[in-house]
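Mapping the sequence shown onto UniProt numbering, position 146 (from 1) lands on 146, and the numbers just tick up by one. Just so you know, even glycine gets a beta-carbon here, dropped at the ideal spot from N, CA and C.
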Amino acid sequence: MRVRDLARTWLTHLAVERGLSSNTLSSYRRDIERYCDWLEAARIGDISEIATATVEAYVMDLRRGVDGRAPLSASSAGRALIVVRGLHKFALAEGLVRVDVAADVSPPSTGRHLPDTLSVHEVETLIDAIPTSDIATPVDIRDRALLEVLYGTGARISEAVGLMVDDVTHTPEVLRITGKGSKQRMVPYGSMARAAVDDYLVRARPALSKGRTPALFLNQRGGPLSRQSAWAALKKAAGRAGIAKDISPHTLRHSFATHLLEGGADVRVVQELLGHSSVTTTQIYTHVTAENLRQVWRSAHPRA
Numbered sequence: 001m002r003v004r005d006l007a008r009t010w011l012t013h014l015a016v017e018r019g020l021s022s023n024t025l026s027s028y029r030r031d032i033e034r035y036c037d038w039l040e041a042a043r044i045g046d047i048s049e050i051a052t053a054t055v056e057a058y059v060m061d062l063r064r065g066v067d068g069r070a071p072l073s074a075s076s077a078g079r080a081l082i083v084v085r086g087l088h089k090f091a092l093a094e095g096l097v098r099v100d101v102a103a104d105v106s107p108p109s110t111g112r113h114l115p116d117t118l119s120v121h122e123v124e125t126l127i128d129a130i131p132t133s134d135i136a137t138p139v140d141i142r143d144r145a146l147l148e149v150l151y152g153t154g155a156r157i158s159e160a161v162g163l164m165v166d167d168v169t170h171t172p173e174v175l176r177i178t179g180k181g182s183k184q185r186m187v188p189y190g191s192m193a194r195a196a197v198d199d200y201l202v203r204a205r206p207a208l209s210k211g212r213t214p215a216l217f218l219n220q221r222g223g224p225l226s227r228q229s230a231w232a233a234l235k236k237a238a239g240r241a242g243i244a245k246d247i248s249p250h251t252l253r254h255s256f257a258t259h260l261l262e263g264g265a266d267v268r269v270v271q272e273l274l275g276h277s278s279v280t281t282t283q284i285y286t287h288v289t290a291e292n293l294r295q296v297w298r299s300a301h302p303r304a
């Protein structure tokens with residue numbers, strides 16, 4: 001069956017059987033006409049003549065821009081591929097082809113934003129900006145313990161405010177963190193984080209607690225600390241430290257991972273500590289450290 005005829009049949013199916021809106025249909029029609037034009041330019045007219053390599057070449061040409069068309073962004077090319085996949089899936093369902101040649105074609109990578117991080121000195125400045133002396137309030141002591149835990153363990157903010165007292169007291173030097181999907185992981189935390197938590201448990205939590213919750217970090221009313229309040233604590237500390245970067249609790253998680261890798265930690269160990277299900281997610285931090293190496297090389301090598 002000719003691709004243009006199939007495309008018209010499919011669009012009618014989407015309008016009548018699936019009830020797609022006119023705006024969606026218009027977008028689909030534009031994308032499928034572009035696909036048909038490209039196939040005709042390649043002297044391909046029948047749906048049975050299309051192979052997986054054909055669809056891959058089409059996506060590549062969308063990214064490059066051909067026949068006077070402007071190159072598409074990765075996200076736009078990905079959306080166009082979704083339409084092409086729909087057409088080929090329909091052809092398979094109608095018995096016009098024996099294989100869906102577009103099913104395994106991957107959309108173009110949109111790239112990944114490298115996470116913002118703080119230097120080791122900036123982290124130290126941030127945490128040290130919170131008072132710990134005799135004039136420190138219970139909130140000050142709590143905030144310092146919170147930031148030490150965030151940076152010392154790489155915990156997500158939701159994981160940190162979800163900690164119970166038992167999670168930090170049941171096993172010395174190890175923190176029990178409950179992550180996404182209620183999965184638990186054991187994360188070692190260093191002497192400075194432990195000292196800050198111990199100080200908080202002795203000097204601050206009893207003053208905040210109203211005896212109503214086993215949560216580790218409490219607000220001034222004695223209830224569990226919220227994510228919003230934890231975020232505000234970090235912003236307050238950043239203001240005290242004079243850090244102009246737009247940081248968030250996740251910045252400390254990113255810094256934790258980056259500093260470990262820069263110190264020689266194996267990426268799979270960092271994966272376990274962060275609670276990532278796939279090492280691919282963790283490998284973005286190797287890009288950060290590689291960029292640091294490139295910057296040092298450019299500034300130091302005589303022939304850079």
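Alpha carbon of alanine 304 to alpha carbon of arginine 79, nearest angstrom: What you label residue 304 is simply residue 304 of the sequence shown in a count that begins at 1. What you label residue 79 is simply residue 79 of the sequence shown in a count that begins at 1. With a pLDDT of only 46 at alanine 304, under 50, the local geometry of the prediction cannot be trusted, and the value read off the model is given with reservation. The alpha-carbon atoms of alanine 304 and arginine 79 are separated by roughly 40 Å.
CA nearest to the CA of leucine 39, picked from Thr12, Ala7, Leu20, Leu14: The residue labelled residue 39 in the question sits at position 39 within the sequence shown. Measuring from the Cα of leucine 39, the nearest candidate turns out to be Ala7.
Contact set for alanine 193: own chain, Cβ-Cβ below 6 Å, skip 5 residues either direction: The count along the sequence shown starts at 1 and reaches residue 193 at position 193. The residues are Glu148, Val149, Gly152.
Segment limits, alpha helix (DSSP H) that includes glutamine 271: Walking along the sequence shown from the start, residue 271 turns up at place 271. It spans 267-274 - the alpha helix (DSSP H) in which glutamine 271 sits, taken as one unbroken run.
Cutoff 7 Å; reference arginine 29; Cβ partners in own chain excluding five residues on either side: Here the question's residue 29 lines up with position 29 in the sequence shown. Cβ within range, chain order: Leu11.
Collapsed DSSP secondary structure at glutamine 220 in the structure displayed: In the sequence shown, residue 220 corresponds to position 220, counting from 1. Looking at glutamine 220 - three-state DSSP - the assignment turns out to be coil, as it is neither helix nor strand.
Rounded Cβ spacing between threonine 125 and histidine 254 (contact assumed at less than 8 Å): Sequence index remark: in the sequence shown, residue 125 carries index 125 (1-based). Sequence index remark: in the sequence shown, residue 254 carries index 254 (1-based). Incorrect: roughly 17 Å between the Cβ atoms, too far for contact.
Cut-off 8 Å between Cβ atoms - residues of its own chain near serine 109, not counting five sequence neighbours on either side: Residue 109 sits at position 109 when you count from the first residue of the sequence shown. Answer for serine 109: Ala74, listed in chain order.
Pairwise C-alpha distance: glutamate 56 and leucine 225: Translated into the one-based positions of the sequence shown, residue 225 becomes position 225. Translated into the one-based positions of the sequence shown, residue 56 becomes position 56. Approximately 50 Å, taken between the alpha carbons.
Chain-order list of residues whose beta-carbon lies under 6 Å from that of alanine 102 (same chain, five-residue window excluded): Working through the sequence shown from its first residue, we reach residue 102 at position 102. Result list for alanine 102: Val55, Val84, Arg85, His88, in chain order.
Spatial neighbours of isoleucine 243 in its chain, beta-carbon cut-off 8 Å, leaving aside the 5 residues before and after: For this step, residue 243 is matched to residue 243 along the sequence shown. Closer than 8 Å at the Cβ level, and outside the excluded window around isoleucine 243, lie Leu118, Glu122, Thr125, Leu126.
Exposure label - glutamine 220; buried when at least 16 CB within 10 Å: Here residue 220 corresponds to residue number 220 of the sequence shown, with the count starting at 1. Under this definition glutamine 220 is an exposed residue.
Backbone secondary structure at proline 138 - three-state DSSP: Start at 1 with the first residue of the sequence shown, and residue 138 comes out as number 138. Three-state result, proline 138: helix.
Counted within 10 angstroms of its Cβ, other Cβ atoms place proline 188 as buried (16 or more) or exposed: As a working mapping, residue 188 is identified with position 188 in the sequence shown. Result: exposed.
As assigned by DSSP and simplified to three states, the class of proline 108: In the sequence shown, counting from the first residue as 1, residue 108 sits at position 108. Here proline 108 sits in coil by DSSP.
Buried/exposed call for glycine 162, threshold 16 Cβ in 10 Å: Reading the sequence shown from its first residue, position 162 is the one you call residue 162. With 16 or more other Cβ atoms within 10 Å, it is buried.
Under the three-state DSSP convention, the category leucine 175 falls into: Your numbering for residue 175 matches position 175 in the sequence shown. In the structure shown, leucine 175 sits in a strand (DSSP, three-state: E or B).
Buried/exposed call for glutamate 173, threshold 16 Cβ in 10 Å: Taking the sequence shown and counting its residues from 1, the one referred to as residue 173 is at position 173. Looking at its Cβ environment, which holds fewer than 16 other Cβ atoms inside 10 Å, glutamate 173 is exposed.
CA-to-CA distance, proline 107 to glutamate 17, given in whole angstroms: Locating residue 17 in the sequence shown gives position 17, where the first residue counts as 1. Locating residue 107 in the sequence shown gives position 107, where the first residue counts as 1. Cα to Cα, the separation comes out at about 27 Å.
Rounded straight-line distance, which links the Cα of leucine 14 to that of serine 22: Here residue 22 refers to the residue found at position 22 of the sequence shown. Here residue 14 refers to the residue found at position 14 of the sequence shown. Computed Cα separation, rounded: 10 Å.
Simplified DSSP assignment, three categories, for residue 310: No information on residue 310 is available, as it lies outside the stretch 1 to 304 that the chain covers here.
Beta-carbon proximity list for arginine 4, same chain, < 7 Å, skipping 5 on both sides: In the sequence shown, counting from the first residue as 1, residue 4 sits at position 4. Contacts found: Cys36.
4-residue-minimum alpha helix (DSSP H) runs that sit fully inside the region 25-104, ordered along the chain: 52-64, 74-93
Backbone secondary structure at arginine 227 - three-state DSSP: Position 227 of the sequence shown, counted from the first residue, corresponds to residue 227. In the structure shown, arginine 227 sits in a helix (DSSP, three-state: H, G or I).
Outcome for valine 202 when other beta-carbon atoms lying within 10 angstroms are tallied against a minimum of 16: Taking the sequence shown and counting its residues from 1, the one referred to as residue 202 is at position 202. Per the 10 Å Cβ criterion, exposed.
Distance between glutamate 262 and threonine 52 (C-alpha atoms, nearest Å): Position 52 of the sequence shown, counting from 1, holds the residue named residue 52. Position 262 of the sequence shown, counting from 1, holds the residue named residue 262. Spanning the two alpha carbons is a distance of roughly 41 Å.
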